[in-house]
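Position 171 of the sequence shown, counting from 1, maps to 171 under my numbering, and the rest follow consecutively.
All C-beta atoms, glycine included, are put in the ideal place defined by N, C-alpha and C.
Just so you know, these numbers come straight off a predicted model, no measurement behind them.
Take a look at the structure below.
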Amino acid sequence: MTRVLGDVQSAEDAVSDAYAAALERWPREGVPANPAGWIVTVARNRAIDHIRRDRAFEARLAALAAERDTTPFPELDPDDPVPDERLRMVFACCHPAIAPESQVALTLRLVAGLTVGEIARGLLVPEQTVAQRLVRAKRKLRDAGVPFRVPPPHLLTDRLAVALATVYLIYNEGHTAASGDALRRDDLAAEGIRLARLLVELMPDEAEPCGLLALTVLHHARRNARADEHGELVLLSDQDRGRWDQAGIADGLGLTARALRLARPAGAYALQAAIAGEHARAANAADTRWDRIVGLYDRLAEVSPSPVVRLNRAAAISMADGPQAALPLIEELLGDDSLGGYHHLHAAHADMLRRAGRPREAADAYRRALELATNTVERSFLERRLVEVEAADR
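Listed below in structure tokens is the structure:
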């Protein structure tokens with residue numbers, strides 16, 4: 001609809017009208033054989049109705065009307081370099097006319113359907129910032145007449161970094177939901193993996209798509225052990241490794257090796273996959289080679305020196321050398337404004353203080369993490385930890 005109308009907001013309005021019609025009619029008439037085609041057809045017809053009432057779009061009316069009698073869900077162009085509608089949308093949103101941070105937000109909103117709040121938590125920025133980025137990006141697409149299509153193959157690489165970041169954030173929201181009562185959103189996680197696999201097929205000689213796919217597959221292989229039978233969070237060190245998907249681990253390790261071969265030096269996603277691979281190889285928590293993981297984080301910090309990478313590196317150091325070695329690194333991060341609202345930072349700080357035998361300070365850190373956490377399962381875990389350290393402080 002965006003390609004036809006030439007405006008993201010108009011396309012969203014038309015599709016929203018179609019969803020509303022489906023909610024009204026499908027319970028009464030039944031779900032059609034081709035639900036997506038039904039939505040597209042109704043959205044197109046609703047757009048025509050709106051355009052007829054708005055003569056400013058008269059030039060587009062003929063093109064829309066001509067499509068009314070064609071197939072309700074057009075087939076993709078077999079010669080298109082990106083043979084998937086959603087992946088095409090990712091690359092189209094990553095237009096260089098839009099600021100990179102707005103590209104990611106726009107793609108997460110349009111392609112993954114994430115809310116403004118979910119996008120904000122994924123990007124570690126305020127919700128108002130995300131809302132402003134979305135408005136600016138849509139206005140830029142409209143006012144600059146940016147064509148909503150996939151660029152030619154020789155330009156795909158220029159948009160790859162943003163596409164990878166977007167797909168990773170889609171997977172991350174599926175791996176651990178930003179809010180709600182469920183720890184995971186398997187539909188989003190599966191979609192992130194599917195898009196990553198398509199990127200590998202599209203660019204088989206590029207290392208980072210392969211690294212991203214390896215990383216997501218390895219994380220996904222642990223999904224069934226991340227919560228117990230009551231739905232409570234289980235830390236990696238306490239997980240039943242017999243519940244890990246061994247076929248997924250084998251696939252992920254193979255992809256990791258391939259990603260590391262393709263790039264010298266290794267990129268950020270390949271290095272993160274290598275870290276996940278170290279966890280996957282360990283038969284039990286005690287066998288985890290934390291020295292290797294710290295070394296990989298050292299390399300990752302050089303390639304991608306973000307505050308989150310520094311936090312994860314500090315956590316690895318605390319496991320390799322004890323919490324006292326990592327607490328100064330955590331305390332330095334506590335002064336970083338970009339992580340002020342990141343509950344994982346405060347949870348990691350609390351855990352290190354707990355393990356260092358400082359329960360009163362740990363309790364304060366757990367309380368701060370609880371103030372910020374919005375996922376029910378994570379909150380339940382933090383509450384249990386808080387009770388433990390409060391009892392130890394008596």
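Out of curiosity, what's the CA-to-CA distance linking L199 and G252? Walking along the sequence shown from the start, residue 199 turns up at place 199. Walking along the sequence shown from the start, residue 252 turns up at place 252. Here the alpha carbon of L199 sits roughly 15 Å from the alpha carbon of G252.
In the DSSP assignment, find the unbroken alpha helix (DSSP H) run with D13 in it and report its ends. As a first step, residue 13 must be located in the sequence shown, where it is residue number 13. From DSSP, the alpha helix (DSSP H) with D13 extends over V8 to E29.
I want to know whether the region 175-190 touches the region 198-212 - three or more CB-CB distances under 8 Å. Taking 8 Å as the limit for Cβ pairs, the verdict is that the region 198-212 does not touch the region 175-190.
Note down the Cα distance separating S237 from I98, rounded to an integer number of angstroms. What you label residue 237 is simply residue 237 of the sequence shown in a count that begins at 1. What you label residue 98 is simply residue 98 of the sequence shown in a count that begins at 1. Each residue's Cα considered, the two are about 42 Å apart.
Given E383, which residues of its chain have a CB within under 6 Å of its CB, disregarding the five upstream and five downstream residues? Walking along the sequence shown from the start, residue 383 turns up at place 383. Excluding residues within five positions, none has a Cβ falling inside 6 Å.
If you scan the region 174-223 from start to end, which runs of the alpha helix (DSSP H) of 4 or more residues do you find wholly inside it? Counting only runs of 4 or more residues that sit fully inside the region 174-223, the alpha helix (DSSP H) segments are 186-202 and 207-220, in chain order.
Reference I48; option with closest CA among A36, R25 and A11: Residue mapping note: residue 48 aligns to position 48 of the sequence shown, counting from 1. Minimum Cα distance to I48 is reached at A11.
Could you check which residue in A207, R86, P126 and M319 has the C-alpha nearest to that of G254? Locating residue 254 in the sequence shown gives position 254, where the first residue counts as 1. Taking G254 as reference, the option from A207, R86, P126 and M319 with the minimal CA-CA separation is A207.
Taking all protein chains shown into account, decide if N312 is buried (16 or more other Cβ within 10 angstroms of its Cβ) or exposed. The sequence position of residue 312 within the sequence shown is 312, counting from 1. Buried.
Mapping the DSSP letters down to three states, classify L329 as helix, strand or coil. In the sequence shown, counting from the first residue as 1, residue 329 sits at position 329. It is helical.
Secondary structure at N284, three-state DSSP: helix, strand or coil? Position 284 of the sequence shown, counted from the first residue, corresponds to residue 284. Reduced to three states, the DSSP call for N284 is coil.
Quick check on V397: buried or exposed, where buried means 16 or more other Cβ atoms within 10 Å of its Cβ? Since the first residue shown for the chain is 1 and the last is 394, residue 397 is missing from the structure and cannot be characterised.
Have a look at A259 and R222 and give me their C-alpha separation to the nearest angstrom. Sequence index remark: in the sequence shown, residue 259 carries index 259 (1-based). Sequence index remark: in the sequence shown, residue 222 carries index 222 (1-based). Taking the straight line from one Cα to the other gives about 21 Å.
Closest Cα partner of R185 within the set R52, L169 and R197: Stepping through the sequence shown from its first residue, residue 185 is reached at position 185. Answer by Cα proximity: L169.
Whole-angstrom C-beta distance between L114 and V167, which should lie under 8 Å: Counted from its first residue, the sequence shown places residue 167 at position 167. Counted from its first residue, the sequence shown places residue 114 at position 114. The Cβ separation is near 13 Å, so there is no contact.
What number of angstroms, rounded off, separates the C-alpha of D393 from the C-alpha of P323? Translated into positions along the sequence shown, residue 393 becomes position 393. Translated into positions along the sequence shown, residue 323 becomes position 323. Their backbone Cα atoms lie some 19 Å apart in a straight line.
Status (buried if at least 16 other CB within 10 Å, exposed otherwise) for D351: Numbered from its first residue, the sequence shown carries residue 351 at position 351. Result: buried.
Helix, strand or coil for A227? Go by DSSP, reduced to three states. On the sequence shown, residue 227 is found 227 positions in, with the first residue counted as 1. DSSP places A227 in strand when its eight states are reduced to three.
Between the region 265-281 and the region 295-303, can you find at least three pairs of beta-carbon atoms closer than 8 Å? Enough Cβ pairs lie closer than 8 Å, so yes.
Of all the alpha helix (DSSP H) runs that stay within the bounds of the region 323-386, which reach a length of 4 or more residues? Fully enclosed alpha helix (DSSP H) runs of 4 or longer: 323-333, 343-355 and 359-372.
Beta-carbon contacts of P100 that lie in its chain and below 7 Å, excluding the five residues immediately before and after: Position 100 of the sequence shown, counted from the first residue, corresponds to residue 100. Once the five neighbours on either side are set aside, the close Cβ partners of P100 are V162.
R3: which of L339, T376, K140 and V146 sits nearest, CA to CA? Counting from one through the sequence shown, the residue named residue 3 turns up at place 3. Out of L339, T376, K140 and V146, V146 has the C-alpha closest to the C-alpha of R3.
Rounded C-beta distance between D291 and A320? I'm assuming under 8 Å. Mapped onto the sequence shown, residue 291 falls at position 291. Mapped onto the sequence shown, residue 320 falls at position 320. Yes, D291 and A320 are in contact; Cβ-Cβ is about 6 Å, under 8 Å.
Return the chain-ordered list of same chain residues with a C-beta closer than 7 Å to the C-beta of P307, the five sequence neighbours on each side being excluded. On the sequence shown, position 307 is the one that residue 307 refers to. Short of 7 Å from the beta carbon of P307, and not among the five residues preceding or following it, lie these beta carbons of its own chain, in chain order: L333, D336, S338 and L339.
Residue range of the unbroken alpha helix (DSSP H) whose run includes P151: As a first step, residue 151 must be located in the sequence shown, where it is residue number 151. Taken as a continuous stretch (DSSP letters only), P151 belongs to no alpha helix (DSSP H), as it is neither H nor E.
Can you say whether Q239 is buried or exposed, counting buried as having 16 or more other CB atoms within 10 angstroms of its CB? Counting from 1 along the sequence shown, the entry for residue 239 is found at position 239. The residue in question, Q239, is buried, as its Cβ has 16 or more Cβ neighbours within 10 Å.
In whole angstroms, what is the alpha-carbon distance linking L195 and V389? Start at 1 with the first residue of the sequence shown, and residue 195 comes out as number 195. Start at 1 with the first residue of the sequence shown, and residue 389 comes out as number 389. When the Cα atoms are used, L195 and V389 turn out to be separated by approximately 42 Å.
Per DSSP, L233 is paired with what? One-based indexing of the sequence shown puts residue 233 at position 233. According to DSSP, L233 bridges with A227.
Per-residue burial, Q103 [other beta carbons within 10 Å of its own, 16 or more giving buried]: Counting from 1 along the sequence shown, the entry for residue 103 is found at position 103. The residue in question, Q103, is buried, as its Cβ has 16 or more Cβ neighbours within 10 Å.
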